[in-house]
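Peer 1: Protein chains in written order, with the UniProt record's numbering: chain E, 1 to 222; chain S, 1 to 81; chain Y, 1 to 81; chain L, 1 to 743.
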Ligand SMILES: Nc1ncnc2c1ncn2[C@@H]1O[C@H](COP(=O)(O)OP(=O)(O)O)[C@@H](O)[C@H]1O
Ligand SMILES: [Mg+2]
């Protein structure tokens with residue numbers, strides 16, 4: 001199974017995401033922002049970082065990169081697509097998922113080990129977890145507060161589209177402690193914390209993050 | 001050479017932590033004038049000559065598509081001398 | 001209730017990475033109107049009633065002390081209705 | 001202003017020039033005239049003035065820094081020594097590692113965010129320039145009193161700047177220091193360290209060899225920022241009465257630097273450069289003169305080709321500009337096409353601005369007119385050298401006579417109150433408020449970061465080879481005795497490497513001092529350098545590079561002498577490192593090393609406003625045996641945990657250990673007050689499984705290191721004799737200080 005990992009100028013966690021794919025047993029394929037070709041991949045990850053410096057709004061500029069066109073098309077057709085951190089922001093800017101990511105309420109970049117509960121295991125990226133499972137993975141971002149209007153929030157809650165929630169104190173001011181959401185179909189997931197940094201307890205707080213990557217490999221086999 | 005200014009502010013219903021932080025810092029420095037503070041972005045765009053209506057329409061489009069995120073922000077466009 | 005607006009922009013000789021990023025992105029989206037873009041901050045300060053001269057003088061002080069760093073930034077203060 | 005050219009300089013040899021405004025002394029100006037055989041052009045004057053500034057020429061420190069070479073140990077591990085952008089050390093398996101610290105103190109006081117950010121940006125480019133991929137950063141910081149109003153302005157800005165830049169580059173922050181003292185109030189210290197890794201064959205040097213090769217400038221466009229910054233901001237006190245100079249601060253663009261790193265690494269991988277230099281202090285003046293003098297000396301540069309952000313800049317300003325995120329490479333003509341192609345891929349501005357020539361003239365033209373014609377060595381290396389007067393300051397003898405009088409706890413209540421008070425004092429309190437603003441996970445190779453003794457990164461995913469880095473300075477001890485203080489900082493940094501089981505390999509340093517024109521400060525500096533050089537020689541560690549920052553003072557008051565020492569170590573398998581603490585009950589706790597009455601310069605004395613006494617003497621032989629013991633203990637799997645003792649003594653070490661994995665401990669101490677609070681160097685607490693008792697005893701005996709069993713692990717409290725402190729209470733004291741101070 002081939003998983004594409006996109007590099008925009010300013011992307012930082014691309015190598016980590018590729019490593020996580022390999023650890024999960026998949027093959028990672030590097031995708032370049034300026035290349036409007038998916039090179040036959042079965043799924044795509046938009047990794048974390050500061051694409052284009054994130055100067056305007058996070059993800060606002062990268063969503064217009066040439067590679068995004070085929071990605072958006074394929075994802076609308078059901079291809080699994082995971083946006084982590086900056087990738088989540090790109091998904092929101094591209095309106096592939098509702099809402100927006102805004103400045104952390106404490107106004108600081110925050111890097112810490114974060115507990116999450118997995119609340120929806122029916123997506124392409126979460127099927128390896130059990131409903132309600134608590135996991136520990138790094139959170140690191142400056143603009144991670146998930147915002148949307150009340151209607152959208154009610155819809156997300158009602159349809160079970162919140163896939164992960166922060167446990168304990170709200171780290172960034174996200175509405176309803178949202179850490180990650182999915183689209184209606186369950187193939188697109190946006191996640192603020194970083195599972196790719198938690199695939200091995202030697203370099204991360206746990207190996208809990210691996211589940212996201214094994215999930216998609218399972219989903220693709222089906 | 002004219003300057004087109006685009007102001008982008010968070011929608012009133014969206015929490016503005018930066019504005020809140022400024023509002024909280026002012027009284028600590030002895031400034032008591034503010035009842036509320038909101039912080040937004042200001043873009044100064046330079047164009048050659050006086051902006052044409054077509055250019056201004058383009059700026060509106062760019063403001064909507066790129067400079068702001070309509071999910072959380074409002075914007076205004078105006079010409080400044 | 002009046003609104004005092006403080007605009008804070010990087011001094012012209014100071015590098016503005018944010019403005020540069022926007023200026024570079026616009027033509028990629030087909031927008032060709034801009035010869036230069038600078039990005040700054042806009043503060044909207046609400047005060048009770050019409051601002052008094054003393055309040056405005058205070059806003060100037062706050063703008064210099066808190067809202068901007070005079071080493072790299074300029075600011076303007078004005079009242080908006 | 002009309003263009004000043006070489007021919008005009010020859011025609012009007014006596015025109016008066018503003019050399020003093022540029023920071024040059026009359027005799028320095030006279031020397032320039034002597035070198036050139038005429039007055040310099042205004043562009044030449046600009047170049048000499050920035051390059052001969054204290055910051056670039058090391059004119060006050062050179063005579064002392066020589067010792068690092070003279071006393072150096074012979075070692076094959078050193079692949080590139082002092083003099084290049086950063087030293088390079090062999091760490092085995094074909095890998096080489098480069099690391100260096102630099103200061104950005106003065107700019108960070110004026111504009112905390114940008115000052116700190118560009119400090120990180122600068123040191124990262126130094127590392128990149130060696131041909132290495134930067135893999136981690138660290139940030140030793142010093143501030144005025146934690147509760148001072150200006151500290152509340154400066155600290156959050158500096159922390160946000162370090163984080164803002166480093167995070168955006170994708171470099172994990174793996175450690176640093178946050179220390180408060182009133183002498184830093186008007187002069188905070190921002191030191192930044194970067195580590196990079198490469199293969200031996202990838203090492204790059206700053207030299208322009210081969211006539212006909214092209215001089216290529218790439219990266220950001222040149223603007224007016226930081227002009228004069230190098231000579232003004234880095235070398236003068238703020239109160240200096242001289243003419244007001246442009247206090248321009250540079251603004252960094254970390255995104256451009258990130259792209260520059262990836263672009264450069266791709267260029268290096270294809271072996272497209274002959275020599276390379278980053279543009280830091282003194283900008284193009286430095287890069288062109290250093291590259292030229294690193295080669296045969298000849299270079300022609302067309303300055304009007306430099307891409308400008310601000311088209312109104314004069315040639316003098318272009319030469320002096322310190323715009324960030326620029327690099328200068330020497331490229332063979334046959335490789336230039338590919339070079340340009342890679343720059344285009346990364347959308348990096350690139351311009352050929354000149355070529356290497358035969359001979360030894362650096363010639364710079366502006367629209368065809370010759371404005372600089374100098375022997376580059378005279379600019380880059382033959383700057384003035386001062387043998388500044390030095391004299392032991394009077395305070396030294398006075399403080400040595402002071403007897404430390406501090407309360408020492410004896411009862412359970414007193415012990416508890418003391419431990420809680422130490423845990424909460426800003427110098428020892430939990431630094432998460434700071435470090436949580438730094439990405440420590442990016443690149444996926446971070447093995448240790450704060451609050452561990454050292455930062456550790458894996459450099460090979462297959463073999464698990466890794467490096468560890470620690471920085472330390474104890475300015476309180478350096479104040480009492482700068483010679484011993486430097487040795488003790490070296491020992492502490494090395495020990496912080498060894499507690500994890502890594503082997504110390506090499507040293508870098510950042511020497512932060514007051515004004516070199518003050519003989520007392522100069523003496524502190526000379527003594528510190530002598531101490532560090534002697535210490536490195538004794539420990540067999542080469543100094544690979546460093547940085548000197550003078551004029552750190554407010555008015556007549558200098559900062560405490562603050563030599564920040566960085567030590568790099570290597571570990572063959574990061575999976576086997578010894579963690580700094582324990583996460584299970586039933587382990588035995590031992591203290592390695594003896595505790596003497598060492599309260600002088602201790603945190604406890606500091607908290608009681610006692611700054612005098614006699615600093616401990618470094619026993620480096622014992623430190624080296626302790627290091628051997630720690631490394632052997634790791635390879636023989638004796639230790640479950642090891643953590644060193646430094647500021648705050650055993651009380652601080654136990655606090656940090658029990659809180660690390662939320663596992664308590666019970667210890668029994670004789671002479672409990674001194675045992676908890678003394679800061680005798682050369683001590684480590686280790687936790688072992690009782691089954692390892694014999695192994696530990698025999699290792700300690702063979703290294704002649706005193707071994708004392710002090711307790712056991714387990715429970716939800718730290719119990720010291722009769723005092724019981726719950727971990728909840730201890731954690732609260734330790735963690736609430738920073739959020740309370742800084743919001
Ligand atoms: N400015 C900083 N940046 C990153 N890490 C820091 C910083 N300050 C302190 N730390 C980390 O916090 C921990 C405790 O610091 P410190 O008490 O100074 O250690 P030590 O006494 O062992 O030198 C160490 O891991 C150190 O690297
Ligand atoms: Mg330590």
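No residue lacks a Cβ here, since even glycine has one placed at the ideal position from N, Cα and C.
Please list the terminal residues of the continuous beta strand (DSSP E) segment that includes residue 192 of chain L.
Peer 2: 189–199
Peer 1: Is residue 3 of chain Y near residue 64 of chain Y, with beta carbons less than 8 Å apart?
Peer 2: no
Peer 1: Count the C-beta pairs between the region 401–413 of chain L and the region 672–684 of chain L that are closer than 8 Å, then say yes if the count reaches three, no if not.
Peer 2: yes
Peer 1: Just how far apart, CA to CA, sit residue 40 of chain L and residue 367 of chain L?
Peer 2: 19 Å
Peer 1: When you compare each of Y:77, Y:33, Y:58 to residue 57 of chain S by their alpha carbons, which one comes out closest?
Peer 2: For residue 57 of chain S, the closest alpha carbon among the candidates Y:77, Y:33, Y:58 is that of Y:33.
Peer 1: For the beta strand (DSSP E) that contains residue 141 of chain E, what are its first and last residues?
Peer 2: 134–141
Peer 1: What residues from chain L crowd round residue 47 of chain E, counting only those whose CB sits closer than 8 Å?
Peer 2: Within 8 Å Cβ-Cβ: nothing; residue 47 of chain E doesn't reach chain L, min ~10 Å.
Peer 1: Can you grab the Cα-Cα spacing for the pair residue 66 of chain Y / residue 7 of chain S, in whole Å?
Peer 2: Between the alpha carbons of residue 66 of chain Y and residue 7 of chain S lies a gap of roughly 21 Å.
Peer 1: Against residue 110 of chain L, what residues of chain Y qualify as contacts under a CB-to-CB distance less than 7 Å, listed in chain order?
Peer 2: Per Cβ cutoff of 7 Å: 71.
Peer 1: In chain L, which residues lie less than 9 Å from residue 9 of chain E when you measure between Cβ atoms?
Peer 2: Within 9 Å of the CB of residue 9 of chain E, the CB atoms of chain L belong to 255, 258, 259, 262, 346, 347, in sequence order along the chain.
Peer 1: If you count every other CB in all the chains shown that lies within 10 Å of the CB of residue 609 of chain L, and 16 or more means buried, which is it?
Peer 2: exposed
Peer 1: Under 8 Å Cβ-Cβ, which residues of chain L neighbour residue 138 of chain E?
Peer 2: 441
Peer 1: Between which two residues does the beta strand (DSSP E) holding residue 744 of chain L run?
Peer 2: Given a span of 1 to 743 for chain L in the structure shown, any question on residue 744 of chain L remains unanswerable.
Peer 1: For the beta strand (DSSP E) that contains residue 471 of chain L, what are its first and last residues?
Peer 2: 466–472
Peer 1: Alpha carbons only, please: which of L:720, L:441, L:699 is nearest the one belonging to residue 747 of chain L?
Peer 2: This structure leaves residue 747 of chain L out entirely; chain L is present only between 1 and 743.
Peer 1: Helix, strand or coil, according to DSSP, for residue 242 of chain L in the structure here?
Peer 2: With a pLDDT of only 34 at residue 242 of chain L, under 50, the local geometry of the prediction cannot be trusted, and no value is derived from it.
Peer 1: Give the list of continuous alpha helix (DSSP H) stretches no shorter than 4 residues that lie fully inside the region 425–454 of chain L.
Peer 2: 432–435
Peer 1: Where in the UniProt domain "PurM-like N-terminal" (452–571) of chain L do unbroken runs of the beta strand (DSSP E), each at least 3 residues long, occur, reported from the N-terminal end onward?
Peer 2: 455–458, 466–472, 503–512, 543–549, 562–571
Peer 1: Rounded to whole angstroms, what's the CA-CA distance from residue 313 of chain L to residue 14 of chain Y? Just pull it up for me.
Peer 2: 13 Å
Peer 1: Enumerated in chain order, which unbroken segments of the beta strand (DSSP E) with a length of 3 residues or greater are wholly contained in the UniProt domain "PurM-like C-terminal" (211–366) of chain L?
Peer 2: 214–219, 275–278, 298–302, 326–331, 350–357, 362–366
Peer 1: Among L:535, L:460, L:344, which has the Cα closest to the Cα of residue 618 of chain L?
Peer 2: L:535
Peer 1: Could you have a look at residue 146 of chain E and say whether DSSP puts it in helix, strand or coil?
Peer 2: strand
Peer 1: Name the chain Y residues that come within less than 9 Å of residue 56 of chain E, Cβ to Cβ?
Peer 2: 18, 21, 22, 25, 39
Peer 1: Compare the Cα-Cα distances from residue 63 of chain L to each of L:56, L:251, L:417, L:388 and report the closest residue.
Peer 2: L:388
Peer 1: Is there at least one Cβ from chain S nearer than 8 Å to residue 44 of chain Y's Cβ?
Peer 2: yes
Peer 1: Taking the CB atoms as reference points, tell me whether residue 42 of chain Y and residue 41 of chain S lie closer together than 8 Å.
Peer 2: yes
Peer 1: Taking residue 564 of chain L as the reference, give the member of L:120, L:101, L:66 with the closest Cα.
Peer 2: L:101
Peer 1: Thinking just about the alpha-carbon of each residue, which of L:185, L:514, L:160 is nearest to the one in residue 107 of chain E?
Peer 2: Nearest option by C-alpha distance: L:160.
Peer 1: Can you tell which of E:11, E:169, E:18, E:210 has the C-alpha that lies nearest to the C-alpha of residue 170 of chain L?
Peer 2: E:11
Peer 1: Rounding to the nearest angstrom, what Cα-Cα distance links residue 370 of chain L and residue 358 of chain L in this structure?
Peer 2: 17 Å
Peer 1: On a CA-only basis, which of L:385, L:24, L:583 is nearest residue 749 of chain L? Give me that one, please.
Peer 2: Nothing in the structure corresponds to residue 749 of chain L, since chain L is present only between 1 and 743.
Peer 1: Would you say residue 204 of chain E and residue 441 of chain L are within 8 Å of each other, going by their C-beta atoms?
Peer 2: yes
Peer 1: Under 8 Å: do the region 14–30 of chain L and the region 336–350 of chain L share three or more Cβ pairs, one atom per stretch?
Peer 2: no
Peer 1: Just to confirm my understanding: we take residue 76 of chain Y, look at its own chain, exclude 5 residues before and 5 after, and list those with CB closer than 6 Å. What are they?
Peer 2: Same-chain partners within the cutoff: 7.
Peer 1: Which term fits residue 221 of chain E, buried or exposed, when burial requires 16 or more other beta carbons within 10 angstroms of its beta carbon?
Peer 2: exposed
Peer 1: State the beta-bridge partners of residue 2 of chain Y as determined by DSSP.
Peer 2: Y:47
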